[in-house]
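Visitor:
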Amino acid sequence: MKKEILLSIEGMHCPMCEKNLESALKETEGVKKAKVSLAGKTAKVTFDDTKTDESKISAAVAEAGYKVV
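Numbered as in the numbering used here, the sequence shown ends at 77 without a single skipped number.
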């Protein structure tokens, strides 16, 4: 089933950070859509909860070098 979450992100400083995090999220198994906002310091993620969960998505954020707050 599809779920959508909005994460607050720390550690983004430039448009490249925004693109890098968005790419990392989209590469995460089960993630259908990801939209990262540098200005809002957020990531809106739509995912299949039978394939992934919020903790795995948060781990992908951390692996990309950013922090979920």
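Glycine residues also receive a C-beta, built at the ideal position from the N, C-alpha and C atoms.
Would you kindly report the start and end of the unbroken beta strand (DSSP E) that includes V69?
Guide: Where V69 is concerned, there is no enclosing beta strand (DSSP E), although the alpha helix (DSSP H) it sits in stretches over E62 to E71.
Visitor: Give me the Cβ distance between L12 and T54, rounded to the nearest whole Å; I'm assuming they're in contact under 8 angstroms.
Guide: The displayed chain sequence assigns Glu, not Leu, to residue 12. Indeed they touch by this definition, with Cβ atoms about 5 angstroms apart.
Visitor: Just how far apart, CA to CA, sit I65 and M24?
Guide: 20 angstroms
Visitor: What are the boundary residues of the beta strand (DSSP E) that includes E12?
Guide: K10 to E18
Visitor: Considering only residues of the same chain and omitting the five flanking positions on each side of E26, which have a CB-CB separation below 8 angstroms?
Guide: M20, V44, S45 and L46
Visitor: Looking at the unbroken beta strand (DSSP E) that takes in K43, where does it start and where does it end?
Guide: Residues V39 to S45.
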